[in-house]
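So the structure is just underneath, and the comments pick up after that.
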Amino acid sequence: MNEPLADLPCRQFDGNLGTALALKNNGSQSRIPAGRPILHYKYSSTSHILSEEFVRWSALELPLPHQPASFGYTPSIYLVEDALSIMASPVPRGIRQVLQKSPSDIVILSSLRTPVTRAKKGGFKDAYPEELLSHVLKATLEANPNLDPALIEDVCIGSVLQELGGAKAGRMAQIHGGFPHTVPFHTINRQCSSGLAAISTIGNSIRAGALNVGVGGGMESMTRNYGSRAIPTVLWPELKDSPSKDSRDCIMPMGITSENVASRYGVSREDQDVFAANSHKKAAAAQNSGLFDSEIVPVKTLSYDAENPDAPPKEVTVSKDDGVRANISVEKMASLKPAFSASGSSTAGNSSQVSDGAAATLLMRRSTATELGLTSSIKARWVGTAVAGCAPDEMGVGPAVAIPKLLQLLDVNVSDVGIWELNEAFASQALYCARKLGIEEAKINPKGGAIALGHPLGATGARQLATLLPELERTGQEVGVVSMCIGTGMGMAGMFVRE
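Okay, here's the thing in structure tokens:
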């Protein structure tokens, strides 16, 4: 039979899944829209697609390649246009497609975080990273009471410094937080971008059709794990004498890479100090106005008295970021000594804070949210993520190479983005990237960044998203980008659209 597929009538079939008999002349036929049709099985809360090669029509019969009934498929089978139903969701191109809603969208139902606190001094100085993760995962389930946790098909968490990558302690925290043991768990380490990498891993898995519901996030206690775990102390000896400068530079201290960016690209000490002071001012204003309240999960934890180690711990509730300095001034910033080089311009004040925190984001396919009756809970959607490499000795320029790659992938312009969550690893590199890309300073970190809030390595990317989404809603902006530099020479950028 050579009848063109686009001209075939759209038929509903009965439950005989071995041989689906076409229902003829029953008044329910309709024409298929022009386009390449595929066979679509609807099953429970998810959808599975057979590839086009299985669409083989005869006058009355469509032999199926296997018996999907054993996988729990319902008997309704429809021929549909793949542009609407294809499981491998296409990456949108152009701002119109980016803003257009589709059943295949990867949507976000919640994006929450703990407060971010100063390492060794702040509210989480005695907390464990998995403790923080358990709290934010539990809060994720509580924020989505109409979602059966058993329907979550994977959890991916960024973790940089923790022993075993946080895999075992994180799995324990996940189950302790209310997830059934049937929900898988894994961690990911792409250093400073790990939180965004985890969210993107879940997003890409949904886009590929491997799952329909997942959680991505991050955790870090730099109180417990910073120091020797930040740079390897035992290496294959050949690497130390590698003929490749880039290879040797991968263990260059981050502060020196900041100095390289400042000196090579003309970022002055004064500009860095002004940028850093503004980060604190914006964060303080946002904190005083309650703009962080909807994204933060208060955490009850134990606090020990360092001066009286025999005293019993006190239970405290940590509900806000404690690194924000409301009264900081440019003059105070200017008085600080360089932290990494005697003649340098990067200081403790214009660099990100060493911090503790965790964050988690719930993602699912839009069609799944519709089937589960959760469309009213959709807050945003993940559009795509790009990662790119750069020279390790100036790793801070990473966003300046990753963001153009993302914009090219999606065919979107810098001017289309309303808010940029650009991680402030150092003022030097954040300023360089903004200038290189032509990003308006007013659009960058409107609630402050890592210089004021802190940079818990494995959690930062997920923290940035939790901070971005309420601000998109508050300001009416539609498109936001989360980006950061990555130690050893990389950058990552992800785009999100307000619902």
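Residue numbers for the sequence shown follow the numbering used here, so the first one is 4 and each next one is one higher. The beta carbon of each residue, even a glycine, is placed where N, CA and C say it ideally should be. Nothing here was measured: the structure is a model prediction, and the numbers come from that model.
Contiguous alpha helix (DSSP H) elements confined to the stretch 270-355 occur at 272-291 and 333-337, taking only those with 4 or more residues. Here the alpha carbons of residue 207 and residue 213 stand approximately 9 Å from one another.
Between residue 110 and residue 413 a beta carbon distance of about 17 Å is seen, past the 8 Å cut, so the two are scored as non-contacting.
With fewer than 16 neighbouring CB atoms inside 10 Å of its own CB, residue 239 falls in the exposed class.
If you look at residue 206, you'll find it isn't in any beta strand (DSSP E); it sits in the alpha helix (DSSP H) that goes 197-211. About 4 Å separates the Cβ atoms of residue 469 and residue 114, confirming a contact at the 8 Å cut-off.
A straight line joining the alpha-carbon of residue 321 with that of residue 106 spans about 39 Å.
In this structure, residue 325 lies near residue 121, with their beta-carbon atoms less than 8 Å apart. Selection 182, 169, 126 and 123 evaluated against residue 145 yields 182 as nearest (Cα-Cα). Nearest in C-alpha terms to residue 187, of all of 460, 217 and 379, is 217. A contact between stretches requires three or more CB pairs, one per stretch, nearer than 8 Å, and the stretch 388-408 fails this requirement with the stretch 129-137. Three or more beta-carbon pairs separated by less than 8 Å link the stretch 226-246 to the stretch 155-165, which places the two stretches in contact.
The shortest C-alpha to C-alpha distance from residue 436 to any of 401, 422 and 416 is the one to 401.
Contact annotation: the stretch 383-390 does not touch the stretch 418-429, with fewer than three C-beta pairs closer than 8 Å. Considered as a whole, the stretch 450-476 harbours 453-456 as its complete alpha helix (DSSP H) runs of no fewer than 4 residues, in chain order. Per the C-alpha coordinates, the member of 501, 489 and 275 positioned closest to residue 199 is 489.
Taking each of 248, 499, 271 and 102 in turn and checking the Cα distance to residue 434, the smallest one comes out for 271. Under the DSSP assignment, residue 266 falls in the alpha helix (DSSP H) whose first and last residues are 257-268. Here residue 177 is buried. Its C-beta has 16 or more other C-beta atoms within 10 Å. In the structure shown, residue 244 falls within a coil segment according to DSSP collapsed to helix, strand and coil. Between the alpha carbons of residue 499 and residue 312 lies a gap of roughly 46 Å. In the DSSP assignment, residue 384 falls within the beta strand (DSSP E) that extends over 383-392.
According to the DSSP secondary-structure assignment, residue 220 is paired through a beta bridge with 160 and 363. Between the alpha carbons of residue 426 and residue 137 lies a distance of about 25 Å. Judged by DSSP in its simplified three-state form, residue 155 adopts coil rather than helix or strand.
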